[in-house]
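First comes the structure, then the notes that go with it.
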Amino acid sequence: MKVFRWALLWLILIGACQQGYSQYIDIKTAEPSLKKKYQKAVTYYQAGQNDKAIAEFKKLLDKNPFFIDAALMLGSVYYDLRNFDQAETYFQKVLMLNPKYNQKVYYTLALTNYQNRHFQQAANNLKVFIDLKFGNPELLNRAKLLYPTYHFADSASRTPVEIEPAQVTGINSELNEFLPSLTADGRTMVFTRLSADHQEDLFISYRGENDLWSTPVPIDELNTAMNEGAPAISGDGNTLVFVSCHRPGGLGGCDLYVSYRRNNQWTAAVNLGERINTPAFESQPCIADNGNILFFCSDRIGGIGGRDIWMSVRGKKNEWTKPVNLGSPVNTAGNEECPFLHQDGRTLYFSSNGHIGMGGMDLFLSRNEKNKIWSQPVNLGYPINTPLDESSFVAFYDGKKALMASDRLFQNEKDPQKIKKINLDIFELTIPEIVKPVPSCYIRFNVVDAKDNHPLPATIELFRIEDKKLIVSEILGASGQKTFSLPGGGIFAINISHPGYQLLSEQFDCTANSRFNPSYKIWAMKPIGKEEVRVVLKNIFFSSGSAELQPESFFELDHVIKILKTDSNCKIHILGHTDNIGSEETNELLSGRRAESVAAYLISGGIEKSRITSEGRGEKEPVADNSTEEGRRQNRRTEFLIKH
1456 MKVFRWALLW
1466 LILIGACQQG
1476 YSQYIDIKTA
1486 EPSLKKKYQK
1496 AVTYYQAGQN
1506 DKAIAEFKKL
1516 LDKNPFFIDA
1526 ALMLGSVYYD
1536 LRNFDQAETY
1546 FQKVLMLNPK
1556 YNQKVYYTLA
1566 LTNYQNRHFQ
1576 QAANNLKVFI
1586 DLKFGNPELL
1596 NRAKLLYPTY
1606 HFADSASRTP
1616 VEIEPAQVTG
1626 INSELNEFLP
1636 SLTADGRTMV
1646 FTRLSADHQE
1656 DLFISYRGEN
1666 DLWSTPVPID
1676 ELNTAMNEGA
1686 PAISGDGNTL
1696 VFVSCHRPGG
1706 LGGCDLYVSY
1716 RRNNQWTAAV
1726 NLGERINTPA
1736 FESQPCIADN
1746 GNILFFCSDR
1756 IGGIGGRDIW
1766 MSVRGKKNEW
1776 TKPVNLGSPV
1786 NTAGNEECPF
1796 LHQDGRTLYF
1806 SSNGHIGMGG
1816 MDLFLSRNEK
1826 NKIWSQPVNL
1836 GYPINTPLDE
1846 SSFVAFYDGK
1856 KALMASDRLF
1866 QNEKDPQKIK
1876 KINLDIFELT
1886 IPEIVKPVPS
1896 CYIRFNVVDA
1906 KDNHPLPATI
1916 ELFRIEDKKL
1926 IVSEILGASG
1936 QKTFSLPGGG
1946 IFAINISHPG
1956 YQLLSEQFDC
1966 TANSRFNPSY
1976 KIWAMKPIGK
1986 EEVRVVLKNI
1996 FFSSGSAELQ
2006 PESFFELDHV
2016 IKILKTDSNC
2026 KIHILGHTDN
2036 IGSEETNELL
2046 SGRRAESVAA
2056 YLISGGIEKS
2066 RITSEGRGEK
2076 EPVADNSTEE
2086 GRRQNRRTEF
2096 LIKH
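Residue numbers (this note's numbering): 1456 to 2099.
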């Protein structure tokens, strides 16, 4: 502030009176009594007594409205106070009195226009200043660096996105709140709060049925006398990765740590180790792909700018691989921070001051295309981004809304001339259509024994039918419970297996389940006994009127082959069923041929022919009403009778 104050004084002192503007008065031509009053006001300004300085400069202008130096100084005082409305008024008055009085006025006015979001005027005034080729090379270069931002702000403000972020009620305080993270259901938020004594701590809040957030409470198990913040919580709320600085045993100033929720308590935090952490700065993690991908920012050696975004993948032995830099076009010579990969698996949001934007840290989007290359980042637009700092963008699963952090300005209602203290606060907004992620969802598993309901550490496999991609293949923990993100919508095949238990086969339509209406059920697995067992395979597909297996069926049948190979004592009888469309004779023949196709696939996978028989039942054994499409869909099925 002192530097700016003296720079402005220098601006006044070097101002040169220009011929042809005889109606204005400057400090050189003013009468001695006027100079004395002017110097008194300047002395107040130099002493930091801004209220007195404003009063004196206003008295001068009331009696001498053409006193150009008084107008310039009054604008300068208001600029110091961040009262940009008043500053703009008096800087414009200077140019009105004499546009050639001092070239630097165009630069200062451009800064003021920009703060008032008068972006067109800001760009125009900065362009005038550049074209005048001001004699200070350093200031001229600074103006040239600013111009792309001002030009972008002008363009973006002409085509604003139809959205205005709103503060999240119940979360924000007079302190700074930022870096939020959400569970899959959007009902739990963890975030960072910075206290008045510059202590960062982790806080948690829960969203009630009335959609209001509870009073945030500190996570005492994880907070220490050091700084903890930048949390990333898993979809099920049971894993938390966060940053802590200067902890004993750490590898650098700020490292990433992990904690797990057990019996409603957070376990002791564990450093993620030297693969992830270095003597440099690591922070702002994002857990993606059901905990298998970790994004974070770091200024470690090997980057291409200040802070870059890095990525690590969980290996086969559950260890994190060596992080790789996302590179260009995401990372720049500036700073890229706060990465968030949406559950669609391809939409990355982040903040940056290295890409051209509205100024400060802006929010951007890049998509991971099918060729695995990140697209050129796109600015989220105005007024999501402003001349201030925006960061911490976290989208809900359905892709409709998001949270973000910003230090936006708010007028003091009691005194409009004074600006409320700037805080980082958390905002909620509707995501503009052009920068929305693909709507995604999640599914919760609770797998138990059908007889006594004890939990089973079953194997879960989730296969997206549309692109034949295996999304999840994981063994549940001892609790038998887990929440999985399902990227990008679509219909998923589900296989649940466990040694000694019957295979469970289901389908899940992600598009029909939003974040507030997820699939959650208890999956009861029946132990395999000596009695005959009937299993319906819900992910066997044929072309219409054909016995040819569609490729989407191979995932489920390959799973059956694995089970048959591990249980060599069982034999299976394959039953094909149809709906009632067509003649009974045709349906029986078709169902028989389809059962034979399934048998042939199993045999081709290495299962002995002697263990497999097949039969077509046609439309004889419906399990649902054939008068509806849903009923007919259920009746078109493949069943296995398993015998030991």
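Idealized CB from N, CA, C, for every residue including glycine.
Checklist entry - Under a Cβ-count criterion, where at least 16 other Cβ atoms within 10 Å of its own Cβ denotes burial, should Leu1925 be classed as buried or exposed? => result The residue labelled residue 1925 in the question sits at position 470 within the sequence shown. Counting Cβ neighbours within 10 Å, Leu1925 comes out exposed, since fewer than 16 surround it.
Next on the checklist: Measuring only the C-alpha atoms, how far is Leu1515 from Lys1492?
Outcome noted: Taking the first residue of the sequence shown as position 1, residue 1515 is located at position 60. Taking the first residue of the sequence shown as position 1, residue 1492 is located at position 37. Whole-angstrom Cα-Cα distance: 8 Å.
Checklist entry - By DSSP, does Lys1825 sit in helix, in strand, or in coil? => result For this step, residue 1825 is matched to residue 370 along the sequence shown. Residue state, collapsed to three classes: coil.
Item to check | Strand pairing of Ile2031, partner residues [DSSP] | outcome: The residue labelled residue 2031 in the question sits at position 576 within the sequence shown. Note that residue 2031 is Gly in the sequence shown here, rather than Ile. DSSP output for Gly2031 lists Gly2071 and Thr2093 as bridge partner(s).
Item to check | Length of the line joining the Cα atoms of Ile1480 and Asn1580 | outcome: Translated into positions along the sequence shown, residue 1480 becomes position 25. Translated into positions along the sequence shown, residue 1580 becomes position 125. Answer to the nearest angstrom: the Cα atoms are 23 Å apart.
Checklist entry - Which residue spans inside the stretch 1672-1722 form an unbroken beta strand (DSSP E) run of at least 3? => result The stretch 1672-1722 contains these whole beta strand (DSSP E) runs: 1682-1688, 1694-1700 and 1709-1717.
Checklist entry - Can you name the residues that DSSP bridges to Arg1989? => result One-based indexing of the sequence shown puts residue 1989 at position 534. Beta-bridge pairing links Arg1989 to Leu2096.
Item to check | For Asp1535, the first and last residue of its enclosing beta strand (DSSP E) | outcome: As a working note, residue 1535 is residue 80 in the sequence shown. Taken as a continuous stretch (DSSP letters only), Asp1535 belongs to no beta strand (DSSP E), being part of the alpha helix (DSSP H) at Ile1523 to Asp1535.
Checklist entry - Do you know offhand how far Gln1576's Cα is from Val1713's? => result Position 121 of the sequence shown holds residue 1576. Position 258 of the sequence shown holds residue 1713. Looking at the two C-alpha atoms, the distance is approximately 49 Å.
Item to check | Segment limits, beta strand (DSSP E) that includes Pro1740 | outcome: By 1-based counting over the sequence shown, the position of residue 1740 is 285. From DSSP, the beta strand (DSSP E) with Pro1740 extends over Glu1737 to Ala1743.
Checklist entry - Whose CA, out of Ala1611, Ser1928 and Pro1554, lies closest to the CA of Phe1584? => result Here residue 1584 refers to the residue found at position 129 of the sequence shown. Of the candidates Ala1611, Ser1928 and Pro1554, the one whose C-alpha sits nearest the C-alpha of Phe1584 is Pro1554.
Checklist entry - What distance in whole Å lies between the Cβ atoms of Leu1820 and Pro1838, which are believed to be in contact at a cut-off of 8 Å? => result If you number the sequence shown from 1, residue 1838 lands on position 383. If you number the sequence shown from 1, residue 1820 lands on position 365. About 16 Å separates the two Cβ atoms, so there is no contact after all.
Next on the checklist: Assuming Ala1542 is part of the alpha helix (DSSP H), what are its boundary residues?
Outcome noted: As a working mapping, residue 1542 is identified with position 87 in the sequence shown. Its alpha helix (DSSP H) spans residues Phe1539 to Leu1552.
Item to check | For Ala1860 and Gly1704, the rounded distance between their alpha carbons | outcome: Along the sequence shown, one-based indexing puts residue 1704 at 249. Along the sequence shown, one-based indexing puts residue 1860 at 405. Each residue's Cα considered, the two are about 31 Å apart.
Item to check | Span of the alpha helix (DSSP H), counted from its first residue to its last, around Tyr1661 | outcome: By one-based count along the sequence shown, residue 1661 stands at place 206. No alpha helix (DSSP H) holds Tyr1661; the beta strand (DSSP E) holding it covers Glu1655 to Tyr1661.
Checklist entry - Tell me the DSSP bridge mates of Leu1796? => result Residue numbering aside, residue 1796 sits at position 341 when the sequence shown is read from its first letter. For Leu1796, the pairing in a beta bridge is given by DSSP as Leu1803.
Checklist entry - For Thr1624, which residues from the same chain have a beta carbon less than 8 Å from its beta carbon, with the 5 sequence-adjacent residues on both sides left out? => result Residue numbering aside, residue 1624 sits at position 169 when the sequence shown is read from its first letter. Answer for Thr1624: Leu1667 and Trp1668, listed in chain order.
Item to check | Where Cys1965 falls: helix, strand or coil (DSSP) | outcome: Translated into positions along the sequence shown, residue 1965 becomes position 510. Residue state, collapsed to three classes: helix.
Next on the checklist: Tell me whether the stretch 1847-1856 and the stretch 1627-1637 touch, counting them as touching only if at least three CB pairs, one residue from each stretch, are closer than 8 Å.
Outcome noted: Using a C-beta cut-off of 8 Å, the stretch 1847-1856 makes contact with the stretch 1627-1637, since at least three inter-stretch Cβ pairs fall below that distance.
Checklist entry - Based on the DSSP output, what are the partners of Asn1631 in its beta bridges? => result In the sequence shown, counting from the first residue as 1, residue 1631 sits at position 176. Within the DSSP secondary-structure output, Asn1631 pairs in a beta bridge with Leu1649.
Item to check | Ser1488 (DSSP reduced to helix, strand or coil) | outcome: Numbered from its first residue, the sequence shown carries residue 1488 at position 33. If DSSP states are grouped into helix, strand and coil, Ser1488 belongs with the helices.
Checklist entry - What does a CB cutoff of less than 7 Å around Glu2039 pick up in its chain, not counting 5 residues either side in sequence? => result Working through the sequence shown from its first residue, we reach residue 2039 at position 584. Excluding residues within five positions, the ones whose Cβ falls inside 7 Å are Gly2073 and Glu2074.
Item to check | Per-residue DSSP class, three states only, for Thr1498 | outcome: Indexing the sequence shown from 1 puts residue 1498 at position 43. It is helical.
Item to check | Which residues DSSP lists as bridging Ala1979, in chain order | outcome: Residue mapping note: residue 1979 aligns to position 524 of the sequence shown, counting from 1. Note: Ala1979 sits in a beta bridge opposite Val1903.
Checklist entry - Going by beta carbon distance, what residues of the same chain come within less than 6 Å of Asn1878, once the five residues before and after it are set aside? => result Residue numbering aside, residue 1878 sits at position 423 when the sequence shown is read from its first letter. Here the set comprises Asn1631.
Item to check | Start-to-end residues for the beta strand (DSSP E) that takes in Asn1557 | outcome: Position 102 of the sequence shown, counted from the start, is the residue given in the question as residue 1557. Asn1557 -> no beta strand (DSSP E), and no H or E assigned at all.
Checklist entry - alpha helix (DSSP H) containing Gln1575: first to last residue? => result Taking the sequence shown and counting its residues from 1, the one referred to as residue 1575 is at position 120. Start and end: Phe1574 to Asp1586.
Item to check | Environment of Ile1977 [buried if 16+ CB atoms lie within 10 Å] | outcome: Sequence index remark: in the sequence shown, residue 1977 carries index 522 (1-based). Exposed is the call here.
Item to check | C-beta contact flag for Thr1733 and Arg1755 at 7 Å | outcome: Counting from one through the sequence shown, the residue named residue 1733 turns up at place 278. Counting from one through the sequence shown, the residue named residue 1755 turns up at place 300. For Thr1733 and Arg1755, yes; Cβs fall inside 7 Å.
Checklist entry - When the Cα of Arg1716 is compared with those of Pro1487, Asn1693, Val1725 and Glu1676, which residue comes out closest? => result Within the sequence shown, residue 1716 is the residue found at index 261, counting from 1. Closest by alpha carbon: Asn1693.
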